[in-house]
Each structure stands twice: as structure tokens, then as C-alpha cells.
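This report refers to the structure that appears directly beneath it.
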Amino acid sequence: MAQFVQGSFRYKELPVVDFKPSDCSSMAGTTQQDTLFAEQLRCFLQMDRTTRPLSQDYINLQSTTLSDEDRDREVAWLADFCEQNHLADNRWHMAFARAVDIIDRYISSAFVHETSLHLLTMVAFFISYKVDDDQGHEILTSSLLPLLPNCTGKEILHGELEILDRLEWNVDRPTPQHFVLMALFQANLGEQVLAEVYDAANRFIMIALSSSSLAWAQSSVIGTAALMCALTYLFKLKRSFTARCPLSYDQWVEVIYNTLGSVMNHAEMVQVDDLARFIMIDYYASKGVNVKEEEEKQTPNDSGDVVERERDAPPTPQAPAQ
């Protein structure tokens with residue numbers, strides 16, 4: 001226990017196994033039950049968001065004073081905090097994603113009053129950041145404690161131990177960013193192109209994690225869907241990216257499914273396209289953009305990139321060939 005508090009607990013690298021899209025139907029996890037689940041999932045995602053039932057991870061919220069809006073507002077605050085502080089370069093991306101996972105799992109299994117949600121968020125981020133950083137405790141104490149004027153380091157430590165005990169110390173789960181990096185490593189391209197894809201994928205991961213109606217998906221599904229959104233965005237709206245990138249869109253899809261297909265079963269593979277679509281819809285909604293009219297709003301500029309009337313509005317994702 002003391003070792004984790006000092007930040008010595010580290011994430012283990014995921015194995016990579018070759019996988020072809022055509023192998024989906026023959027995977028061991030493909031059963032009649034999986035197929036039924038996939039069909040039910042599609043029906044769920046096609047429902048209007050205002051009439052969707054709570055997913056299993058959030059059912060227990062109904063018995064507390066917390067609402068989905070409370071959760072989403074707090075996660076959005078944490079995202080802004082991370083972006084403004086850029087804690088240890090880009091490490092905050094994974095720390096944020098892991099903290100959201102910890103928050104969601106904790107509030108779905110324990111009573112949390114809305115007045116304690118901010119403290120829970122801080123403590124979850126303390127735990128998350130220290131998973132990958134030996135010096136995390138010192139950095140976060142100086143960065144976060146000033147934002148909690150009525151909280152002491154001892155209370156933070158007590159909160160950490162409470163969360164760790166509740167989650168049985170299972171806080172080192174892979175984040176969506178881990179799966180994105182797995183695919184990018186296999187792409188074996190120049191740093192500039194990979195960095196551009198990674199940054200775009202992170203943007204869509206943040207959208208998914210900030211919405212309680214999307215964040216319930218597995219990290220592998222969120223990472224893959226965000227990567228597909230990023231590539232669709234870059235190839236469709238950034239023609240200068242197409243000129244710089246040696247891989248075509250279809251070649252990227254093959255890399256993604258060869259790499260990430262190995263860590264998902266058939267039902268999860270089915271979720272990717274639907275989740276990517278809803279990530280885009282959430283982004284459009286945040287910008288007040290009508291999805292059906294978006295294509296009419298795009299015109300190419302002199303450099304070949306698309307100029308959009310709504311800043312940074314991505315296109316509707318194209319389903320990859322499977």
C-alpha cells in the first residue's frame with residue numbers, strides 16, 4: 001500500500017497480436033449471445049439520447065444525489081484543469097482518462113454526495129497521475145491542494161486509500177490513449193504525422209469521456225473509435241495531411257484493425273462504428289452544428305484544406321471496411 005502511495009505502481013505494456021478484419025467472424029468471442037448483444041447495442045445507440053436508459057455503470061447514480069449532469073460538469077472541469085496546467089507535458093492525457101475511469105467506477109458502487117464530488121475528482125486524479133509518475137505526489141500536492149483550501153494532504157491520502165480499497169486496487173487499467181499508441185506504433189511513420197494523429201485522437205477521446213452517455217464503453221472501443229474519428233477528420237478536412245501522410249485511409253484502417261482487433265471481441269468491434277458516430281454528434285451538438293447541413297458548409301481553401309463555418313467541426317465518420 002505504501003509503495004503505491006509513493007508512485008511506484010506502473011502500467012504493464014499490452015501484448016500485440018496480428019489480426020485481420022476478415023477474422024472478426026471467426027474470433028473465439030463471437031457467439032450467438034455476442035451477436036444478440038451487438039444488435040441490442042445498435043438499438044440502444046439509435047435511440048434519441050434524451051430517452052436512453054442509464055447504462056449499467058450508472059444505474060446506482062439513481063440512488064444518490066448525483067446526476068449525469070453533475071458527473072459531466074466535474075469531468076469537464078478536470079479536463080480544463082489538465083489542459084491549462086499541461087502537467088508533465090502530455091502525460092495528463094492518460095492521467096485524465098484513468099481518473100475518469102476511477103470516478104465512474106467509484107460513483108457506481110458507492111454513495112457520493114454532490115458536495116463531495118469535487119474532492120473525489122481531485123483524489124482520483126492524484127491516484128491516476130501517480131500510476132505513471134514516481135514524483136506524482138509532490139507535483140500534485142503543489143498543483144492541486146491550493147484548489148482545495150479546506151483540504152489537507154492527510155485528507156487526500158485518506159481519500160486515496162478509500163478509493164483504492166473500494167476498487168480493490170484495480171486502478172492501473174489501460175486508457176483509450178494506450179490503444180491509440182498501440183496502433184500508431186505499428187504505423188511506423190514520421191513523428192510529425194504520428195503526433196498530428198495522436199493529438200486529433202486525444203481530442204475525440206476527451207469528447208467521449210466527458211459524456212456520461214458515451215464513457216461507459218471499454219477503453220479499447222473508445223480509443224479505436226476516437227482514432228477512426230481523427231483519421232476521418234484529417235483525411236476529409238485536411239488535404240494537406242493527405243499529402244504528408246504516406247499511408248492512405250484504407251491502409252490506416254488495416255493497421256488499426258490488425259493491431260486493435262486483437263484486444264477486442266466481436267461485440268466490441270461492432271461498437272466502434274456506432275460510438276464514433278455518436279462522438280461526432282456530441283461534438284456537433286457542442287458547436288451548435290446541424291449534422292445534415294455540415295457537408296454544405298465545407299469549401300476547400302487554396303492549400304487544399306477545408307474551411308468550415310463552425311470552428312473545428314469534424315465530418316460525420318465513415319465506417320471502415322471490415
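Residue numbers for the sequence shown follow UniProt numbering, so the first one is 1 and each next one is one higher.
Beta carbons: idealized from backbone N, C-alpha and C, even for Gly.
Test item: CB-CB of LEU209 and VAL75 under 9 angstroms:
Their beta carbons are under 9 angstroms apart, which means LEU209 touches VAL75 by this criterion.
Please classify PHE125 as buried or exposed, where buried requires at least 16 neighbouring CB atoms within 10 angstroms.
With 16 or more Cβ atoms within 10 Å of its Cβ, PHE125 is classed as buried.
Do the segment 230-246 and the segment 161-179 make contact, defined as three or more Cβ pairs closer than 8 angstroms?
Because the criterion of three Cβ pairs below 8 angstroms is not met, the segment 230-246 and the segment 161-179 do not touch.
If I'm right that LEU231 touches VAL197 with Cβ under 8 angstroms, what's the distance once you round it to whole angstroms?
Here LEU231 really is in contact with VAL197; their C-beta atoms are around 7 angstroms apart, less than 8 angstroms.
With the cut-off set at 9 angstroms, would you say ARG166 and SER109 are in Cβ contact?
With contacts defined as CB atoms closer than 9 angstroms, ARG166 and SER109 qualify as a contacting pair.
Measuring only the C-alpha atoms, how far is ILE127 from ILE107?
Roughly 16 angstroms between the two C-alpha positions.
Terminal residues of the continuous alpha helix (DSSP H) containing VAL263?
Unbroken run through VAL263: none, as it is neither H nor E.
Residues sharing a beta bridge with LYS154, DSSP
In the DSSP assignment, LYS154 is bridged to no other residue.
Quickly, what does DSSP pair LYS236 with across the bridge? List them, please.
Residue pairing by DSSP places LYS236 opposite no residue, since no beta bridge is assigned to it.
Under 9 angstroms between the Cβ atoms of GLN192 and GLU268?
Not in contact: GLN192 and GLU268 (Cβ atoms no closer than 9 angstroms).
Assigned secondary structure, GLY159 (DSSP; H/G/I helix, E/B strand, else coil):
Of the three classes helix, strand and coil, the one that applies to GLY159 here is helix, per DSSP.
Can you check which of these residues, ALA226, ILE222, LEU119 and SER67, is closest to ALA200 by C-alpha distance?
The shortest Cα separation from ALA200 among ALA226, ILE222, LEU119 and SER67 belongs to ALA226.
TRP169 (DSSP reduced to helix, strand or coil):
It is coil, neither helix nor strand.
Using a threshold of 9 angstroms, state whether the C-beta atoms of ILE102 and ILE156 are closer than that.
For ILE102 and ILE156, no; Cβs fall outside 9 angstroms.
Over the uninterrupted alpha helix (DSSP H) stretch that includes ASN202, give me the two end residues.
Segment 191-209, the alpha helix (DSSP H) holding ASN202.
Leaving aside the five residues before and after CYS82 along the sequence, list all residues of the same chain whose C-beta is less than 6 angstroms from its C-beta, in chain order.
So the list reads TRP92 and PHE96, once near-sequence residues are dropped.
Separation of HIS266 from GLY190, as counted between CA atoms:
GLY190 and HIS266: Cα-Cα distance of roughly 32 angstroms.
4 or more residues per run - each alpha helix (DSSP H) lying fully within the segment 246-280:
If we require 4 residues or more, the alpha helix (DSSP H) runs fully inside the segment 246-280 come out as 249-260.
Span separating the alpha-carbon of MET182 from that of PHE278:
Cα atoms of MET182 and PHE278: separation of roughly 23 angstroms, rounded to the nearest angstrom.
Contacting residues, own chain, Cβ-Cβ under 7 angstroms from SER212 (five flanking each side not counted)
Answer for SER212: TYR58, ASP68, ARG71 and ASP72, listed in chain order.
Between the alpha carbons of PHE235 and ALA285, how many angstroms are there, rounded?
Those two C-alpha atoms are separated by around 22 angstroms.
When you compare each of THR121, PHE179 and ASN188 to CYS245 by their alpha carbons, which one comes out closest?
The residue from THR121, PHE179 and ASN188 with its alpha-carbon nearest to that of CYS245 is ASN188.
By how many angstroms is the C-alpha of ILE207 removed from the C-alpha of TRP216?
Within the model, the alpha-carbon separation for TRP216 versus ILE207 is close to 13 angstroms.
What residue from VAL270, ALA79 and THR152 has the CA that sits closest to SER220's CA?
Closest option to SER220, Cα to Cα, is VAL270.
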